[in-house]
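In the numbering used here, the protein residues as written are 1357 to 1565. Virtual Cβ for every residue (Gly too), placed ideally from N, Cα, C. Here is the structure we will look at, set down as structure tokens.
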Amino acid sequence: MWVYQKMLQYPAGTVSTCNPKLAKAIITQYGGPDGELAASLRYLTQRYTMPIPEAKAALTDIGTEELAHMEIVATLVYNLVKDANVEQIIAAGMEGYYADHDKALYFVNGDGVPWTAAYIQSKGDPITDMHENMAAEQKARSTYEYLIQIANAHGDHAVTDALRFLWQREIVHFQRFGEVLNLLHDYYSRDHIFEMRGWNPYKVPDAEK
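So this is what it looks like as structure tokens:
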């Protein structure tokens, strides 16, 4: 289905500065509501109820790419904290995280709230799900823009470049999902298709008698 290469999609491993404050912000894209884990699981779950192969393929491609992005975010976070001493961890406000996880990666947002499946949805309505996916990509894009501002304020250009790469991919994903949404509308506009599932997404349901 796909080929895994033992290399990052973007060379985030070159980041070598010690900056746990920056890591605390970036980790939200690891386990936060608009992060890469949420995106990958959302898309890979939704693909089963998609009625056309183009939609299944897009969700598979983008869902697996989000896993690659999760690796990039994890690498950034770990490289920023791996050489930090306890005093630096405390100064960054990460002592609670350190007490539970040391410097290991764990799925939390920037405030330390663990990831939850409540962040994602798989509705079974392809049109609804695709709209959610487009909104998810826009929220991720916004988050990366905020993180880029934070990284710039810290003066870490290597981190900024990695975040900018991820930001660009969110824009591409949004565009691809928009293309899939158009294909889904075309699919459901064929009258004979409506009979396959017994419903018409463009028709207001009849009131109960």
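query                                                                                         : result
Residue range of the alpha helix (DSSP H) that includes L1364                                 : Counting along the chain, L1364 falls outside any alpha helix (DSSP H), and DSSP gives it neither H nor E.
Residue of Y1462, Q1444 and S1545 minimising C-alpha distance to T1373                        : Q1444
Alpha-carbon to alpha-carbon, N1465 and D1481                                                 : 29 angstroms
Residues bridged to P1470 [DSSP beta-bridge criterion]                                        : V1464
Cβ pair count under 8 angstroms reaching 3, the region 1375–1393 against the region 1528–1542 : no
Reference Y1543, options Q1477, Q1402, L1393 and M1406, closest by Cα                         : M1406
First and last residue of the uninterrupted alpha helix (DSSP H) at Y1475                     : Neither: Y1475 is in no alpha helix (DSSP H) and is coded neither H nor E.
Distance, A1381 Cα to A1395 Cα                                                                : 18 angstroms
Alpha carbon of L1503 to alpha carbon of K1438, nearest angstrom                              : 20 angstroms
C-alpha distance - A1440 paired with I1446, whole-angstrom precision                          : 10 angstroms
Contact under 9 angstroms by Cβ, V1433 with Y1500                                             : no
Proximity below 9 angstroms, CB of D1512 to CB of V1371                                       : yes
For V1371, the three-state DSSP class (helix, strand or coil)                                 : coil
Beta-carbon spacing of L1537, I1483 below 9 angstroms                                         : yes
C-alpha distance - Y1399 paired with G1468, whole-angstrom precision                          : 24 angstroms
Start and end residues, alpha helix (DSSP H) containing P1389                                 : That residue, P1389, is in no alpha helix (DSSP H); it is neither H nor E in DSSP.
Collapsed DSSP secondary structure at G1554 in the structure displayed                        : Note on G1554: pLDDT 48, under 50, position unreliable in the model; the coordinate value appears next. Three-state DSSP puts G1554 in coil, outside helix and strand.
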